[in-house]
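Chains as they are written, first to last, in our numbering: chain A, 43 to 433; chain B, 43 to 433.
Backbone N, C-alpha and C fix where the C-beta goes; we use that ideal spot for every residue, glycine too.
The structure appears below as structure tokens.
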């Protein structure tokens, strides 16, 4: 708000800056007291430390107590740096560039990479501002971003620390911080391809994508049949935790499913969250494995080689035999069907904590069998995914 | 024969050693002339240079002209070294060790790793002799071999050159030569596991394996049905070339099939050669792929990204979408069935030369459909493979 680069419906953050002579406890308590006196309907919330969240004149307002340090690299609490960011942008972003920032933010929002929160893993507002300061204009940011390679290292001035991140933008107020640390490879790549595409053919849909085209149940069932793949829905009750806890666990859990179900050859995955459920969707090349499987044993010289021979000598369907320097047998498979296989594997495999706790309430079904219970807009996006600007 | 370490039915090699003052041509012509005068029924053959092969008193005899060089490392033709090997073994193998060599050779023959020829890729007679010279006895060779690791480097005395081979045994008459260069990782590993097994429980079947148990057609068909895998036979007319040319090409061609058919998930392969055919056998997890396939595009920043978007924007079944830093689409698959898929792929893929030439005569069929034309002993070994000593 102070920087004049907000989109419509902005959130307003107000910082109350304390001298470092206050103790942490006093700073927090006094800060909240002051905050409650100006926003009595606010409710207390907690990130690294407490703040008060409320609504004033229709705007969401956070009032955040912090320290007024001399140097942002000497911050005491996590939010002490933010006022320096505001200062930096006010000093370095020219008036005519404010609309360039707004364009960039709207573009990022349209393609789904705006926001540093865990759900998005994208570009913060401050990062958008720095990109415009660095490159001058919205179009110039896109021109550069369309060429960003696997590792991109940006700064304003003298550089700074090295980070193992797809995108690094050294914070001009603290050279040991990467402003783009939240940006995933996926979000960075999406921004790169969207930039190229926009430069090729600018369209309003980059800023305001059309909604996903919702297919009817009948069409979806016919498509599943035609593809000869197997699609499954894995449904959990929604854990009651904040998004920044929930989404990393969703992603970890999806990776676990993909890894467990490797042999069924996952083709595509998707998830969505509604009021009461988290729904994982997987399309796989098959849901049934042969009766016989290859089973790897130890290297021939290993002390367990003899034990392996003993175990399988008479029980293998084929072998033991040697490939390279290892023993193998082909043996009967215990769990041939995807559902059995997953349930068995989950006994020994930890999902994200909140999902691990709720394993007992997990439901796994063929997509076609639970389609009536699912949200057809999300199922349509899963089966017919297109970039938002292509819809 | 000269070394006294032969098994029954040995081959006899006779070397005619010429002074290096003879030209190569004279050495070869005079050598063959002398050879023909003592073995008039022999026929001329050719390895690196010509020799005369015949049968004398029921023994196969090769008469080989070569040079008598002072130092085997200064050999002029490839066979000049052999008489030095004979000399070395005669001088270094004690009388009571000759039977140890015979045991070792018979053991290797029984488990299928005796012979340096391309068909076997195993241990030459000379290598067996050196192993007994090094370790003292048959049992001692087995004790050491059962512990051989991924790379094994052996020598008698001062070592020699380094080789990138699973097994190296420096030739005591030429430290720049690896006597074990023909030994494949497979043969070495087989010898290692057989050694461990024999030490655990010595059995006559290591030397004299029982024949493969031949299954009836009915039993084989039931087994194929039960496994839920797909087995195919690929049949070529037998190329009219010597074994040392044929077998490397068979192995190369099998690797090509495995690589082409990766998506069908090969479980096991086997081949056999009869009087008129080479038969490749493959058991795979499936022979049909889904209608939809994942198709990898360029990285998002690549100059071809735009072209990829253009090509697939409206034609993909799903996407384009981004994974990591790359574009992908899920698109229709053209060749879903194994047979079509292989035939299509072979248009762009070179097999071993002799098989490449005969692609037009290639027959590929489900195993069950050509079972009546195939050798049930080999099919039985393919489907129910066991180590020879385990039969």
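Coarse secondary structure for residue i, derived from DSSP in three states
i                      : result
residue 351 of chain A : helix
residue 323 of chain B : strand
residue 169 of chain B : helix
residue 336 of chain B : strand
residue 233 of chain A : helix
residue 195 of chain B : strand
residue 432 of chain A : helix
residue 399 of chain B : helix
residue 313 of chain A : strand
residue 64 of chain A  : coil
residue 257 of chain A : coil
Neighbourhood of residue i by C-beta, 7 Å cutoff - its chain only, sequence neighbours within 5 removed
i                      : result
residue 254 of chain B : 419, 422, 423, 433
residue 175 of chain A : 134, 135, 198
residue 265 of chain A : 425
Beta-carbon proximity list for residue i, same chain, < 6 Å, skipping 5 on both sides
i                      : result
residue 56 of chain A  : 105
residue 186 of chain A : 177
residue 190 of chain B : 234
residue 143 of chain A : 47, 170, 171, 174
residue 160 of chain A : 286, 289, 290
Within-8 Å CB hit, residue i to chain B
i                      : result
residue 186 of chain A : no
residue 361 of chain A : yes
residue 234 of chain A : yes
residue 271 of chain A : yes
residue 346 of chain A : no
residue 372 of chain A : yes
residue 332 of chain A : yes
residue 228 of chain A : yes
residue 355 of chain A : yes
residue 364 of chain A : yes
residue 252 of chain A : no
residue 268 of chain A : yes
residue 242 of chain A : yes
Extent of the continuous alpha helix (DSSP H) to which residue i belongs
i                      : result
residue 206 of chain A : Element bounds for residue 206 of chain A: n/a, residue is neither H nor E.
residue 220 of chain B : Careful: residue 220 of chain B lies outside any alpha helix (DSSP H), inside the beta strand (DSSP E) at 216-220.
residue 52 of chain A  : That residue, residue 52 of chain A, is in no alpha helix (DSSP H); it is neither H nor E in DSSP.
residue 363 of chain A : Looking at the DSSP string, residue 363 of chain A is not in any alpha helix (DSSP H); the run it does join, the beta strand (DSSP E), is 360-365.
residue 387 of chain A : 380-388
residue 408 of chain B : Taken as a continuous stretch (DSSP letters only), residue 408 of chain B belongs to no alpha helix (DSSP H), being part of the beta strand (DSSP E) at 405-408.
Extent of the continuous beta strand (DSSP E) to which residue i belongs
i                      : result
residue 87 of chain B  : 85-88
residue 305 of chain B : Neither: residue 305 of chain B is in no beta strand (DSSP E) and is coded neither H nor E.
residue 101 of chain B : 101-109
residue 92 of chain A  : 92-98
residue 374 of chain B : 368-374
Close Cβ partners of residue i (< 8 Å) along its chain, the five nearest in sequence each way excluded
i                      : result
residue 401 of chain B : 388, 393
residue 84 of chain B  : 77, 78, 94, 95, 96, 103, 105
residue 200 of chain B : 217
residue 132 of chain A : 44, 45
Chain A contact for residue i (CB, 8 Å cutoff)
i                      : result
residue 426 of chain B : yes
residue 231 of chain B : yes
residue 238 of chain B : yes
residue 309 of chain B : yes
residue 351 of chain B : yes
residue 431 of chain B : no
residue 190 of chain B : yes
residue 342 of chain B : yes
residue 327 of chain B : yes
residue 336 of chain B : yes
residue 369 of chain B : yes
Whole-angstrom distance between residue j and residue i, CA atom to CA atom
i                      : j                      : result
residue 97 of chain A  : residue 54 of chain A  : 10 Å
residue 88 of chain B  : residue 74 of chain B  : 11 Å
residue 415 of chain A : residue 377 of chain B : 35 Å
residue 309 of chain A : residue 317 of chain A : 27 Å
residue 345 of chain A : residue 426 of chain B : 26 Å
residue 410 of chain A : residue 371 of chain A : 37 Å
residue 120 of chain B : residue 293 of chain B : 26 Å
residue 302 of chain A : residue 384 of chain A : 7 Å
residue 390 of chain A : residue 150 of chain A : 40 Å
residue 273 of chain B : residue 322 of chain B : 11 Å
Closer than 8 Å to chain C by CB, residue i
i                      : result
residue 117 of chain B : Annotation note: the requested chain C is absent from the structure, which comprises protein chains A and B.
beta-carbon residue i near the ligand NAD non-hydrogen atom, thresh 7 Å
i                      : result
residue 264 of chain A : Here there are no bound small molecules, and the ligand NAD is not part of this structure.
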